[in-house]
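**Q** Numbering (the working numbering), first residue to last: 9 to 348.
Where is the CB? At the ideal position from N, CA and C, for every residue including glycine.
Sharing a structure, written as structure tokens. Questions coming.
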């Protein structure tokens, strides 16, 4: 996302982590790691934080460091927001159509989340930001022309050469605007922790292993900005990170996690059965769509040819016995970590 990219530049490209509230629970590590986890240069700060915890530094020194980090982050957030707003409202003022479109939408065809601020749109798909223009054909965005707003609150966009976007208000995002940011922050922190745990096991550093195992069994990595409700939701999936082997709760399929999403996108929602939606629902959540989804590589022994599917968090159980996963894609996507 555009704002995240600016933050990364202002912070020197580092990913900040913080220790959060600890919630005990059963541990299961899985046994594989994604290729991308080899490159830890951009996660140096997370590793340093973990090393400090393992070495048992004084609490007051840690609190000072956390306070400095928080102050820096607050300053960066203000700078980014001012920069974002300045770009959004520079030039001509937003047209009445754009004023009505302000906020967060979801493209029902692709599942992309679109943030509209002023005259610009961020599709959160790595394509940078897009400026809306007003021509004789009407309001144009990313090559699509705005056609009409339907009674159900849906917006229709069309390309002259073919292609349609159908937007709806992303109520599941608006329900908890900070959830996605805290979710990804938590998953990055947990991935770094697991990688460091594997290294300590290989080096037979038992003191560090003990400290990091306790962190793994807790909800270590929860952002300090997370609400109590978010902490509980994050803790429920604390062992589900890229590289962890899992088993499907109902169909007993073996798989390994490759990636994760903070919510159910529209494209996945259409394929979910009523039973899956009921299982994905959680007390305190307004919609089953607020349940995280995980991209998983299936075991060739369970499904001929294997394949990659998205599964709701409620359907997944971490299972060490699934390791090693058998798939033709393993050599390309994964590396074995026998230590964990």
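Beta strand (DSSP E) containing residue 141: first to last residue?
**A** That run of the beta strand (DSSP E) goes 141-143.
**Q** Go through the stretch 300-329 residue by residue and report every complete run of the beta strand (DSSP E) that reaches 3 residues or more, in order.
**A** Complete beta strand (DSSP E) runs here, min 3: 301-306, 316-320, 324-326.
**Q** Out of 337, 345, 336, 340, which one is the CA nearest neighbour of residue 328?
**A** The residue with the shortest Cα to Cα distance from residue 328 is 345.
**Q** If the criterion is Cβ atoms closer than 8 Å, does the pair residue 333 and residue 262 meet it?
**A** Yes, they are a contact pair.
**Q** Do residue 331 and residue 253 have their C-beta atoms closer together than 8 Å?
**A** Yes. Within cutoff.
**Q** Counting Cβ pairs, one atom from each stretch, are 3 or more of them under 8 Å apart for the stretch 183-192 and the stretch 263-277?
**A** Touching, yes.
**Q** Could you tell me the alpha carbon to alpha carbon distance between residue 137 and residue 210, rounded to whole angstroms?
**A** Going from the Cα of residue 137 to the Cα of residue 210 covers about 44 Å.
**Q** Could you spell out where the alpha helix (DSSP H) holding residue 194 opens and where it closes?
**A** 187-210 is the span of the alpha helix (DSSP H), which, as asked, contains residue 194.
**Q** Leaving out the 5 sequence neighbours to the left and right, which residues in its chain are closer than 6 Å to residue 321 when beta-carbon positions are compared?
**A** 245, 299, 300.
**Q** Restricting to Cα atoms, I'd like to know which of 243, 204, 305, 239 is closest to residue 265.
**A** Answer by Cα proximity: 305.
**Q** Determine the closest residue to residue 141 out of 135, 133, 154, 131, with distance taken between C-alpha atoms.
**A** When only C-alpha atoms are compared, the closest one is 154.
**Q** I need the boundaries of the beta strand (DSSP E) containing residue 263, first residue and last residue.
**A** From DSSP, the beta strand (DSSP E) with residue 263 extends over 262-269.
**Q** Locate the alpha helix (DSSP H) running through residue 237, then write down its first and last residues.
**A** Unbroken alpha helix (DSSP H) run through residue 237: 236-244.
**Q** When the Cα atoms are used, what is the spatial distance from residue 227 to residue 347?
**A** Taking the straight line joining both Cα atoms gives about 22 Å.
**Q** Taking Cβ to Cβ, would you say residue 316 is nearer than 8 Å to residue 303?
**A** Yes, Cβ-Cβ distance for residue 316 and residue 303 is below 8 Å.
**Q** Taking only runs of the beta strand (DSSP E) that begin and end inside the stretch 156-180, which ones reach a length of at least 3 residues, in chain order?
**A** Entirely contained in the stretch 156-180, the beta strand (DSSP E) runs reaching 3 residues are, in chain order, 163-166, 172-177.
**Q** Below 8 Å on the Cβ atoms is my guess for residue 121 versus residue 135; work out the distance and round it to an integer in Å.
**A** 13 Å between Cβ atoms; not a contact.
**Q** What does DSSP give as the partner residues of residue 148 in its beta bridges?
**A** Note: residue 148 sits in a beta bridge opposite 141, 153.
**Q** Less than 8 Å between the CB atoms is what I'm expecting for residue 176 and residue 116, so what's the real figure, rounded?
**A** The Cβ separation is near 6 Å, so the contact holds.
**Q** Return yes when the C-beta of residue 249 is under 7 Å from any heavy atom of the ligand ATP, and no when it is not.
**A** This structure lacks the ligand ATP, and indeed carries no ligand of any kind.
**Q** Tell me the rounded alpha-carbon separation between residue 223 and residue 326.
**A** Residue 223 and residue 326: Cα-Cα distance of roughly 17 Å.
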